[in-house]
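Asks: Residue numbering for the sequence shown is -20 to -1, 1 to 362, as defined by mature numbering (1 follows the signal peptide of the UniProt record, and there is no 0). Here a beta-carbon is modelled for each residue, glycine too, at the ideal position from N, C-alpha and C. Predicted model only: the values in this text are computed from it and were never measured.
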Amino acid sequence: MKILRLLFVAFLAILALVSSSEISQNTIDRGFVQINTGDYTIDNGITWSIIDVTSVTLTDGLTVGTGASFYVSTSASLLGLSVSIALNPILGPANDVIVNNGLISLNGASSLLTSSFQFGGASFTNTGQVYMGVSGGSLIGSTMSISTNTIQNTGLIVYYQAQPGSANINIGASGSAVTNNGQICLYNAHYSQNANILGTGCITLDADSELDVKVGSSSFASTQIIYMTPQSTIGIPTFASGSITINGFGGGNTITINIPLALYSQSYSQTTGTLTIRNILTSASIQLVIGSGYISNSFTFSAGLLGLSVTYSGNPPNPISSLCATGCGVLPVAPGDEPTEYTTVVTTTNSNAQTTTGTYDVLISNTVIGTSISWYTSSSLI
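#1: Going by other Cβ atoms of all chains shown within 10 Å of its Cβ, with 16 needed for buried, is I120 buried or exposed?
#2: Look at the alpha carbon of G113 and the alpha carbon of Q204, and state the distance between them as a whole number of angstroms.
#3: Thinking C-alpha only, which one of L38, G11 and S29 is nearest Y20?
#4: Taking the DSSP output, what are the residues bridged to T256?
#5: Let's see if you can read the secondary structure: which residues bound the beta strand (DSSP E) around N148?
#6: Assuming S225 is part of the beta strand (DSSP E), what are its boundary residues?
#7: Pull the bridge partners of I30 from the DSSP assignment, please.
#8: So is Q5 buried or exposed if we call it buried at 16+ other beta carbons inside 10 Å?
#9: Can you check which of these residues, N227, S91, A48 and N24, is closest to S31 by C-alpha distance?
#10: Note down the Cα distance separating L(-15) from V193, rounded to an integer number of angstroms.
#11: Shortest alpha-carbon distance to L59 belongs to which of S202, V269, S96 and G287?
#12: Determine the burial state of N106: buried for a count of at least 16 other Cβ atoms within 10 Å of its Cβ, exposed for fewer.
#13: Rounding to the nearest angstrom, what Cα-Cα distance links L86 and Y140 in this structure?
#14: Using the C-alpha atoms, what's the distance from I362 back to M(-20)?
#15: Might you give, ordered along the chain, the residues of its own chain that have their beta carbon closer than 6 angstroms to the beta carbon of N129, omitting 5 neighbours on each side?
#16: Any idea if L83 is buried or exposed, counting beta-carbon neighbours within 10 angstroms, 16 or more meaning buried?
#17: On the DSSP bridge list, what partners appear for Q143?
#18: Judging by CA-CA distance, which residue of A264, Q250, L255 and T256 is the nearest neighbour of S272?
#19: Look at T134 and S118 and say whether their C-beta atoms are less than 7 angstroms apart.
#20: Have a look at T254, D40 and A201 and flag the residue whose alpha-carbon is nearest the alpha-carbon of F104.
#21: Distance, Cα to Cα, V79 vs S282?
#22: If F219 and I266 are in contact, beta carbons under 8 angstroms, what's the gap, nearest whole angstrom?
#23: Using a Cβ-Cβ cutoff of less than 8 angstroms, which residues in the same chain neighbour S127 once the five nearest sequence positions on both sides are dropped?
#24: Among S197, T46, A242 and G232, which has the Cα closest to the Cα of Q211?
#25: Strictly by DSSP, which residues pair up with A157?
#26: Report buried or exposed for V52, applying the criterion of at least 16 other Cβ atoms within 10 angstroms of its Cβ.
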């Protein structure tokens, strides 16, 4: 069999230039990417996949259309990944907006080094899916941050660590308002609430995740559901009167509350499905709306990191809310990130005007050695 082999090696030192701020056809870029200034738009139904890079910076706004997708990923274990969107160092975030009606996936989970994913701008609106994934294995914690002053979410936002680690998680600028009417997922991640969280959505604590909640006033809406999986933790570092709604409490997860063991009393109401923790000195109380069906003598109240640790020995008696039904533990595979194989027909004409037609098997693949990534295309006559 006659073999025709075409070898094109693309090293990370090769620059892939993006010449337009509108992505109007499916595009796969491998290597460093030089981005134009100005807002970027990915048209409806179009995919832009950037693979095996160290850094991508969009200084201005980003719009991902309906059914469109934007991927940035690396497959090298020793190649850290940094993505910055709408963090203009000169003009600032005043006019930059991020709108996602499709899918955004930033994936550095294969890397053993620190990754950094940062969304800035004046506002962040998500009706689709946003995934940020890091390994969690680096000594210095990675960053996954949406630091805009206004966040509107009716879709899915996932903060993912492949293993528990010290990643810096940020949802909203400090003191700002996050309106979550969709689902926010933490997977092996720890988030200390820094913005007011409003809305009627769900925050899912999957795998070994922890959420530190600000209870009281308008800090955390009682209409927001926190869904706990068996290994997760809710922390309440400041004792103040208020209520939070919890789905899935029991089966091994924990709620910790900053109150000395000698200063609390507790009661559970089957009628309202509320577990109430009171400070006997100040009469302040926290209502944990966990649902009906719990058995009072199956609660355990003991010494914990913050003071009081609450667990339930049985399984959660109530089904998961439909608002929290989407899983958090799987990151999308970026187009072009895996080896691709296809067949094509090639017709050639020689100097005597004779034509020859052949069918070729084409393989696009890569070789990864540390920080060196080589992509090649080979073909063989079938």
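Replies: Quick answer:
#1: The sequence position of residue 120 within the sequence shown is 140, counting from 1. Label assigned to I120: exposed.
#2: Taking the first residue of the sequence shown as 1, we reach residue 113 at position 133. Taking the first residue of the sequence shown as 1, we reach residue 204 at position 224. Computed Cα separation, rounded: 24 angstroms.
#3: Here residue 20 refers to the residue found at position 40 when the sequence shown is read from its first residue. Answer by Cα proximity: L38.
#4: If you number the sequence shown from 1, residue 256 lands on position 276. DSSP lists S247 and Q267 as partners of T256.
#5: Residue numbering aside, residue 148 sits at position 168 when the sequence shown is read from its first letter. Looking at the DSSP string, the run of the beta strand (DSSP E) that includes N148 is N148 to I151.
#6: Residue numbering aside, residue 225 sits at position 245 when the sequence shown is read from its first letter. One point to set straight first is that residue 225 is Thr, not Ser, in the sequence displayed. Start and end: G222 to N227.
#7: Start at 1 with the first residue of the sequence shown, and residue 30 comes out as number 50. I30 pairs with D9 and V52.
#8: As a working note, residue 5 is residue 25 in the sequence shown. When all chains shown are included, Q5 counts as exposed.
#9: Residue 31 sits at position 51 when you count from the first residue of the sequence shown. Sequence check: residue 31 is Ile here, not Ser. Checked all of N227, S91, A48 and N24; the closest Cα to I31 is S91.
#10: To locate residue -15, count along the sequence shown from 1; it is residue 6. To locate residue 193, count along the sequence shown from 1; it is residue 213. Unreliable positioning characterises L(-15) in this predicted model, as indicated by a pLDDT of 30, which lies under 50. A coordinate reading is not provided.
#11: For the purposes of this step, residue 59 is taken as the residue at position 79 of the sequence shown. Residue S96 is the option with its Cα nearest to L59.
#12: Residue mapping note: residue 106 aligns to position 126 of the sequence shown, counting from 1. By the neighbour-count rule (16 or more Cβ atoms within 10 Å), N106 is buried.
#13: For the purposes of this step, residue 86 is identified with residue 106 of the sequence shown, where counting begins at 1. For the purposes of this step, residue 140 is identified with residue 160 of the sequence shown, where counting begins at 1. The alpha-carbon atoms of L86 and Y140 are separated by roughly 10 angstroms.
#14: For this step, residue -20 is matched to residue 1 along the sequence shown. For this step, residue 362 is matched to residue 382 along the sequence shown. Unreliable positioning characterises M(-20) in this predicted model, as indicated by a pLDDT of 36, which lies under 50. A coordinate reading is not provided.
#15: The sequence position of residue 129 within the sequence shown is 149, counting from 1. Contacts found: A153 and S156.
#16: Position 103 of the sequence shown, counting from 1, holds the residue named residue 83. So L83 ends up on the buried side.
#17: The residue you call residue 143 lines up with position 163 of the sequence shown. Partner(s): none; Q143 has no beta bridge.
#18: Residue 272 sits at position 292 when you count from the first residue of the sequence shown. With distances taken between Cα atoms, S272 lies closest to Q250.
#19: Walking along the sequence shown from the start, residue 134 turns up at place 154. Walking along the sequence shown from the start, residue 118 turns up at place 138. It is not a contact, given that the beta carbons lie outside the stated cut-off.
#20: By one-based count along the sequence shown, residue 104 stands at place 124. That would be D40, whose Cα lies nearest to the Cα of F104.
#21: Taking the first residue of the sequence shown as position 1, residue 79 is located at position 99. Taking the first residue of the sequence shown as position 1, residue 282 is located at position 302. C-alpha separation (whole angstroms): 45 angstroms.
#22: Stepping through the sequence shown from its first residue, residue 219 is reached at position 239. Stepping through the sequence shown from its first residue, residue 266 is reached at position 286. 7 angstroms between Cβ atoms; contact.
#23: Along the sequence shown, one-based indexing puts residue 127 at 147. Counting only Cβ-Cβ distances below 8 angstroms, and skipping sequence neighbours, we find Q98, F99, G100, N150, G152 and A153.
#24: By 1-based counting over the sequence shown, the position of residue 211 is 231. The candidate whose alpha carbon is nearest that of Q211 is G232.
#25: Along the sequence shown, one-based indexing puts residue 157 at 177. Paired residue(s): T130 and N176.
#26: In the sequence shown, the residue the question calls residue 52 occupies position 72. Burial call: buried.
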